[in-house]
Amino acid sequence: MSDRRRITGPESALPLVFAPTPNNQSTTKSPQEKTNSGIRNFFIKTGIVSNCNGSCFLEVDNTTIIVSVYGAKPIRGSSVTSASFSVMTKVSNNLEELSNFTSSDLSHSKEEKEEQKLAKEDEYVTTNQIGKTQLSLVEQKLSTYIQTAFLPSILLEKYPKSSIEVFINILTNDSHTNSSLLSLITWCANCTSLALVDSGIELKDMVSTGIAKLTDDQTVVIDPSYSNEGRKTVGGQEVRAVASYMSVTDTVVGLMIESEEGVNGEMIEKVIDGCNTMAREIRSNMNGFLVSTM
Amino acid sequence: MSEEFQLKPVSFSPEVLARIAPELSLQRHLSVGVRPCLRSFQEFKSVQINPQLDSINRYTSNQGISSKSTVLGSSNIKCGNTIIFCTITGGFIETLLPNDEADENVKEYEKIYENSEKQENNQQDDSLSNFRTVYPIIEIERGRTGAPTDEEMIISQTLHDTLLNSKILPKESLEIDLGLKTVDKDNNEIIIYPNESKDIDSSLFQFPRKYSFVLYASIQVFSRSGPILDAAWLALMIALKSTKLPCVYFDEKNSNLLNDISSLSSKKSVKTGVVNAKSGSQIICDPTKSHDLKLNNSDLYTTTIGLIELDKDFSVEIEDVENNEDFKALSVDKHTRNEGEPILLCDIEGDAEENAIGSRVVVIPDINTEDDDNLVSVTIIGGGSKVTKQSIQNSIGLAKLRSKNLQQQS
Amino acid sequence: MSVEIPRVVVPGQPIVPEFDTASHSADHTITQARKYLSGPGTTLSKIPTGPNEEVNAIVATLKGKTVISPKSKDKTSSASKDELPVNEFLVSVVNHQTPRVPLPKEGDYVLCRVMKLTSRQAFVEILSVDNQSSILADSGVGSNGSLGMAGGTSLVANVSSGSVAGTSVFSQAVGATNASLGAHPADLGESFRGLIRVQDIRATERDKTQVVESFMPGDIVRAEVINIGDGASYYLSTAKNELGVVLSRSHGGRGDMLYPLDYETMVSVSGHIEKRKVAKPF
Amino acid sequence: MELDAKIGVLNNAGGSSEVSLNGIKVVCGINGPMEARPRQELPTTCYLEVIIRPAIGNPTVREKYMEDKIKNFLNSVIIGNLYPRQVIQVNLQILEKKNNNSSYTSDSDESAATEDVLLELNCCINSAFLALVDANISIYKAFNSNIFTYTHKGSLVKDGLSEAKSRHLVVYGIKNNKVDELLYGENVGRFSEKKLFMALERGEKESMILHSKLKELSVESVKQKFVYLS
Amino acid sequence: MSIIIPGDQLPVDETTLNSKKLTVGPSIYVDPLLDNQMTISNAGIFTHKEKKTKQLITVESSSKNYIPAVGDLIVGTVLGGFGEFFKVSLSNYKPPAILSYMAFENATKKNRPNLKTGSLVYARISAYDPNIDVELECFNPTTGKAEGFGELTGGTVVEVDLGFARYLMFNENNPVLEHLSKKCQFEIAIGVNGKVWIKGGDLVTTLACCQYIEQAQRLASGELEQLLKKLWKQHNI
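Chains as they are written, first to last, in the UniProt record's numbering: chain A, 1 to 294; chain B, 1 to 410; chain C, 1 to 282; chain D, 1 to 230; chain E, 1 to 237.
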């Protein structure tokens, strides 16, 4: 059934297919300089959306995110004693790269995986479908992670009969630095943290999130981006992780580890240490930012 | 008032009053010459047109070609507090050429096609069917999920229809002159285009099928603070101006053109958004070459003016207010108005104005033409304050003024 | 040594331990204990201070400035003579930049609009708390068409009709972790519901009070939250002098503004009189 | 083209009418005033629901857009305060459209879809008036809709259907047997300010002419309703 | 017969209207915001009645939309019992009215009336405020007697235009019922809410009566006899 609530254009339209860019012409942008800590510079601004309770804009490289928080606002038809909390993510329709994420469980079936792989090798890119009505897998994963990570930090019992809703809008995503889903999660989570503080919703603690990668030579790279840290060598092992903390009580509230091969405890420890380092750095940055706005 | 009773004011914060009694709030403000948003009556919101989101446009990225992007044009504007992002993407649509003799069905179709072609020829050049539009989807972030709101649907359709009615996107602008990817004498892959290679036999470019682009627009709105049509249209206009259409070629290697091209749009590709490039697509966008989208006129802007009559019952004694220090700092409208003429308010903003203003005039002037016929669209919504001839005239004047300002800005 | 109290805090930042036994006299003897209580914008939680060591501390839950105010001693709970005198202080975090999250609490005064009457109660919609901030960040006006509803006084009922395509988005996103089953997101512009029972309208002559002689649909009423109520509505009361109708139009919303005449009548400029439970203007 | 109308064509609706005009045929049925669903309830006035169904297929964004146009001014015409917390439903089914054999989906018909918006609105608005009167819904004023076009040669024609330089839909409210106010005007194409006002003036005149015709129809239908008195 | 529709001018000039105390009937909207300006809001038959000291203007219009008024006699359908009252539907898609258990003849706390869901009652509107539920009673409150109110057993209900219902009700010697009474015996309860309950001697007669009433509203009085003949022939009575 065609979507009757959106203008979807002629049904017979076909998506554009772009040929792979010849290598000599594909200039990748030199990555943004990193600070001493190994984290890319990022720009934040709170309160930019006026029709919500709290918001934050975050820009890192070419990724731009707007998070808006609505609530505590009325909810219908339940006798709840505390607020419900939900997270909605929306990736801008045009960010095709996201469908090429390698995260293995993103595709449903083997067949599709094959298809994706094929497309990736050829690097033919096509336009996305307009007017999708369902959350993409990327959006679902992002929402679930952030919802899980922030749930323990919000004093929900202070807001009975209501709901707190977080809307994450990924406006642009970095097509140069091959940002992975994990990187996106990291920055979305940090942006959400500031938006929640901006909303005046009471929090047990702020959540800060870090990302790290363990390359096959066992070095830990914090906030990995595409070009300076390079791709993994063929056949090598790489572990990527993202972890969220409430640093005052030193609690891990969110963790996601990704690797093509098996991982052992030692590797996990290493990579999580990396995440922790970054999360602490981010936290002190956020603290500084918030104090400066008062 | 004949009765003897004392009226003690009950005070509310402005924001609360605007919500509980919008009409009262607006009338009180207007009676002393200011608007709830503190702009003067005919002051437009400041518009800030940010450089397009270079990094996401495929063909205009200043960091070289953005290899994975499918975005053909984009814009980012700020109108007052409201932030709008607009991106343009594209698709192909197939049209048949009359000389296709391959298929019986096609022949059948061809007859119809020819007939309609004839009809079209009889028509004037500016028949609406000679123009195209874009398919916009607007999303206004208001903290809700689910199906689009009525407003989102209505604005989408308004943009769609207005763009078509204003005849700025001719059919030809979207037609594709197919190039050819072939192998030269040295067995190197080359792509040749009809317009850039005069020495090549033009018969090479006789393809049995003809293609056109279709354009989609995705418009995201943050911090909505009033009717959004004007800002959404502006964002769409600027995005269209920045739009570059890819050069498109036919890949000889996958040459069986009569193979059903519809395999491209198989359900699977819809679901994953990824097309198996090897199996079906012979029509490929050049990774680097593009040309500007040709528009007949890129300086059309919609302007919405709200009309409201002053209600004397609500007025505030002006002397009370004038002594107030804060008030002195504001720019106050003391236009002398004719009795019975409504006040014109530009860029309706906030609960009080949006709720209480019933009558509106929406104008699209064409400021580039020397012709007398310099209006493209005038929509009058009555029912609130009486829409007088004078107020329509003034609205048109204001719309022209704003259009000129925007033209200079963009 | 006295504990240094941070002036400016961010959420999660410990402000002060719950108990401070530090002395303030010169000889460092403990002469006085301080107990800090968690006030608005703070919470009491356990902070790890070392391996397997924790201490109770007042922690900020908002960003803002700390305010410490001595709490007047409560005589009934006075400590026995053996114990040190305990001075209690209330710790709170205030921030004037961001308004508080406007959720009605017991005892709050709210402004509400009368939606519907029955002979036993008036159903209202809560618009703002404390006359400070509106409940909704976005009133939802304009979402169901290019005009808000004509007439102004009526809030927009957003009936984005039924649910066809697209509503699945929400269930997918929320269904998984939303603990409160059966709860629905409110529509755009939909606020908390409240009700004023006939016996809660006036403080006197409760038996004679009639709902239709106290409120009319569309009236703006100042009321007190007496009970957070059930899932559907807050319970409100107007049984105080300063509570009742604050804004009203005559003829069921068709006519002009009414002004208070006495505690049970309002009058329009043209002299038309209607009955209400009038709030004493102040 | 002349307007052709019947009143009371639907037995189960509160009021109804069928109007043919400019090759378009619309049937309008009014339901209500009836009890509103809680979400539609407005404390002091009625909730007006305008529903347009296209001649072929399901309603789309296009119909929503047209509904909005009608709702905008109809809200100020109906005396909503007489029907607080109730719903009045104006159902408009387009029976025949100008180009009846195509369903506005193929891309060449797309411009026709946009072009026909005004014609369909024109017919819908006149049909809605007759149906509202038939349904005995209280309204502040009578109203009707006319459509005009400027040809390429610059002459102003009523109902000019084919190619035109500009097209003007004007809806006037009528009260005390006089044109009361402009309720809705949609002007598209290329035109000057002068032409716009000429079209509006012409609209006022034609509006009275059309009103007398609609009145005749309404009076006849009232007579029919009270036939038992004779 | 002077028929007016919205958009028309009041057929009476202002000086006449200002001369005596004026009562304005339904279908003329008096706008409290515009100096009590009068507007014709509905189509119908205009009447202007003058008496010595007062005058009355009304527009008699016919519709299917019933607006209650205290004292109206109505035929309603019981929707069910709730606590201490029944809910009774007066017209479709409208909020139901309330009929207290105590508003019946001889009703006491112990002796509750027994009305089943779906049964019909003839009742009087005892209280009406547009903002709250309509209240009904099934007895004369001054005498405490039923006086014809209460459950309507047997028979059937015909829905007619409100104008026609009023016509039947307030014109005692109206030809519609005159003609019918010459033909057969029947019981009738006319509700001004547009519901007419009718019961003939047997089922066939009831059916015929029912069809007669329904069709009579679309006919001039001269055609009634013919209609009766036709129906009776049709049903072989």
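For each residue, glycine too, the CB sits at the ideal point set by N, CA and C.
Keep in mind the model is a prediction, meaning the values are calculated, not measured.
- The three-state reading of DSSP puts C:Tyr234 in strand, counting E and B together.
- Secondary structure of C:Gln13 (DSSP, three-state): coil.
- For the pair D:Phe191 and D:Lys165, the CB atoms are nearer than the 8 angstroms cut-off.
- Ranked by Cα distance from D:Met34, the options D:Met198, D:Ala5, D:Ile88, D:Glu110 are led by D:Ile88.
- Rounded to whole angstroms, the separation of the alpha carbons of A:Ser84 and B:Ala147 is 21 angstroms.
- E:Tyr101 carries a coil assignment under DSSP once its states are collapsed to helix, strand and coil.
- Using a Cβ-Cβ distance cut-off of 8 angstroms, the stretch 355–371 of chain B and the stretch 301–311 of chain B are in contact, since at least three pairs of beta carbons, one from each stretch, lie closer than that value.
- E:Thr15 sits exposed, since fewer than 16 C-beta atoms from the chains shown fall within 10 Å of its C-beta.
- Sequence-distant Cβ neighbours of B:Ile176 in its own chain, meaning closer than 7 angstroms and more than five residues away, are Tyr211, Ser212, Phe213, Val248.
- In the same chain as D:Val133, and ignoring 5 residues on each side of it, the C-beta atoms closer than 6 angstroms to its own belong to Ser218, in chain order.
- Spanning the alpha carbons of E:Asn114 and E:Val24 requires a straight line of approximately 42 angstroms.
- In this chain, A:Thr192 is not harboured by any beta strand (DSSP E); it is covered by the alpha helix (DSSP H) spanning 181–199.
- For the stretch 192–219 of chain C, the set of positions with a beta-carbon nearer than 9 angstroms to some beta-carbon of chain D reads Met216, Pro217, Gly218, Asp219 in chain order.
- In the three-state scheme derived from DSSP, where H, G and I count as helix and E and B as strand, A:Ile7 is classed as coil.
- When C-beta atoms of the stretch 172–186 of chain D are compared with those of the stretch 195–210 of chain D, three or more pairs fall below 8 angstroms, so the two segments count as touching.
- C:Ser38 sits away from C:Leu127, with the two beta carbons spaced by 8 angstroms or more.
- Looking at the DSSP output, A:Lys73 shares a beta bridge with A:Ser163.
- With fewer than 16 other beta carbons inside 10 angstroms of its own, C:Ile273 counts as exposed.
- Comparing alpha carbon positions, the residue from A:Ala195, A:Lys90, A:Val69, A:Val263 closest to A:Asp216 is A:Val263.
- The C-beta of A:Leu214 comes no closer than 8 angstroms to any C-beta of chain B.
- Rounded to the nearest angstrom, the Cβ distance from C:Val94 to C:Gly41 is 6 angstroms, consistent with a contact under 8 angstroms.
- Of the other Cβ atoms in all chains shown, fewer than 16 fall within 10 Å of the Cβ of E:Val70; this residue is therefore exposed.
- With a threshold of 8 angstroms between beta carbons, B:Asn81 makes no contact with chain C.
- Apart from the 5 residues on each side of it in sequence, B:Pro22 sits with its Cβ closer than 7 angstroms to the Cβ of Asp351, Ala352, Asn355, Ala356 in its chain, given in chain order.
- If you draw a straight line from the Cα of D:Arg85 to the Cα of E:Pro130, it is about 10 angstroms long.
- Counting only residues of its own chain and dropping the five nearest sequence neighbours on each side, A:Phe43 has a CB closer than 6 angstroms to the CB of Glu59.
- Chain-order list of chain B residues neighbouring C:Ser134: Glu15, Val16, Arg19, by C-beta distance under 7 angstroms.
- Contact note: A:Ile75 does not reach chain D at a C-beta cutoff of 8 angstroms; the least C-beta distance is about 15 angstroms.
- B:Ile56 is not bridged by DSSP to any residue.
- Nearest C-alpha to A:Ser12 among B:Asp372, B:Ile93, B:Phe85, B:His291: B:Ile93.
- Here D:Tyr65 really is in contact with B:Gln157; their C-beta atoms are around 4 angstroms apart, less than 8 angstroms.
- Apart from the 5 residues on each side of it in sequence, A:Arg240 sits with its Cβ closer than 6 angstroms to the Cβ of Leu182, Lys213, Glu258 in its chain, given in chain order.
- Counting only residues of its own chain and dropping the five nearest sequence neighbours on each side, B:Asp126 has a CB closer than 8 angstroms to the CB of Lys167.
- Counting only residues of its own chain and dropping the five nearest sequence neighbours on each side, A:Val87 has a CB closer than 7 angstroms to the CB of Ser143, Ile146, Gln147, Val166, Ile168.
- Looking at the DSSP output, E:Thr23 bridges to E:Leu56.
- Per the C-alpha coordinates, the member of B:Ile219, B:Ser242, B:Pro365 positioned closest to B:Asn394 is B:Pro365.
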